Amino acid sequence: MKIIVAIDGFAASGKSTIAQDLAEKTGYTHIDSGAMYRAVTLFGMQKGLVTSALNIDSKKLIELLPTINISFDRIPCSYATILNGKNVEKEIRSLEVSNLTPHVAKIAEVRDFLTARLRDLGKDKGIVMEGRDIGTVVFPDAKMKVFVTAPLTLSVERRLEELKQQGNPATYQSVKNDILERDKIDAAWTYPAKDAIRIENGSKPLTDIVQNLLSMFYRIKN
Numbered sequence: 084m085k086i087i088v089a090i091d092g093f094a095a096s097g098k099s100t101i102a103q104d105l106a107e108k109t110g111y112t113h114i115d116s117g118a119m120y121r122a123v124t125l126f127g128m129q130k131g132l133v134t135s136a137l138n139i140d141s142k143k144l145i146e147l148l149p150t151i152n153i154s155f156d157r158i159p160c161s162y163a164t165i166l167n168g169k170n171v172e173k174e175i176r177s178l179e180v181s182n183l184t185p186h187v188a189k190i191a192e193v194r195d196f197l198t199a200r201l202r203d204l205g206k207d208k209g210i211v212m213e214g215r216d217i218g219t220v221v222f223p224d225a226k227m228k229v230f231v232t233a234p235l236t237l238s239v240e241r242r243l244e245e246l247k248q249q250g251n252p253a254t255y256q257s258v259k260n261d262i263l264e265r266d267k268i269d270a271a272w273t274y275p276a277k278d279a280i281r282i283e284n285g286s287k288p289l290t291d292i293v294q295n296l297l298s299m300f301y302r303i304k305n
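Okay, so the sequence shown: first residue is 84 according to my numbering, each after it adds one.
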């Protein structure tokens, strides 16, 4: 019996690493819902519809949503986000896209569009999906729900290292401000489901966290 594992949490909480590791160990497909929101944001930027937090042509963006196709391609050790046939994995991880994505994600029609797409990706189950509202909105009936938190300093350091590895260097303060702003906006739809397993990432080694979740996974699945 396949199930859906929903992993939610705020920016740079480490939920992506946890989701990827858990998916690898269970043989499930890992789906990063945040990448899809980033891809829509990048699409808006490319079309000149999203130029700043205060300058988003939401009406035109909504009209063009049906023309957006987002998929994932397997690459060595990871997945690449494909936007209308082009690999945009590096572009969507930039600090500029990170800063603008929460503002695009506030648009109800964008959320509805991507929620439908995410549900379609999970229709056959056997997935570990991460995001902000996977366990509360996208898959409220998921058999296993996890909500990840982390200390702010650890989140900033984690995001700085991620940007560095991607060739997108940034300052500590800029990343800290970005995370605080994103969390403030995302708070409207980012909260643990009542039946979610709460994990503080940083209180234990990552290997221990994943192993504990893996044990829970098999108990729930069986």
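Backbone N, C-alpha and C define an ideal beta-carbon position, used for all residues, glycine too.
This structure is a prediction, so every number in the text was calculated from the model and none was measured.
Bounds of the beta strand (DSSP E) holding S135 are V133 to S135. By the CB criterion at 7 angstroms, V133 and L166 fall outside the cutoff.
In this structure, the alpha-carbon of G209 lies about 30 angstroms from that of S177.
Within its own chain, the residues whose Cβ lies closer than 6 angstroms to the Cβ of V258, once the five positions on either side in sequence are excluded, are V239, R242 and L243, listed in chain order.
The shortest CA-to-CA distance from L147 to any of Q103, V180, E192 and E174 is the one to E192. With a minimum length of 4 residues, the unbroken runs of alpha helix (DSSP H) contained wholly in the segment 189 to 222 fall at 191 to 204. Taking C-beta separations shorter than 8 angstroms and ignoring five residues to either side along the sequence, the partners of S116 in its chain run L197, L201, M212, E213, G214, R215, I217 and V221, following chain order.
Only buried fits N284, as 16 or more other CB atoms lie within 10 angstroms of its CB.
Pairing T290 with L235, the inter-Cα distance amounts to about 21 angstroms.
Comparing alpha carbon positions, the residue from E174, I303, K206 and M84 closest to K228 is I303. If you look at V229, you'll find it isn't in any alpha helix (DSSP H); it sits in the beta strand (DSSP E) that goes M227 to T232. Minimum Cα-Cα distance from L125 among the listed residues K173, D156 and E107 corresponds to K173. Secondary structure at R176: coil, using DSSP grouped into helix, strand and coil.
Under DSSP, L166 shares a beta bridge with I153 and K169.
The beta carbon of I268 is closer than 8 angstroms to those of P185, H186, A188 and K189 in its chain, skipping five residues each way along the sequence. Secondary structure note for A95: it is in no beta strand (DSSP E), with a DSSP letter that is neither H nor E. Minimum Cα-Cα distance from L297 among the listed residues K108, S141, M84 and S135 corresponds to K108. For the set A225, A163, L246 and G250, the Cα lying nearest the Cα of I90 is the one of A225.
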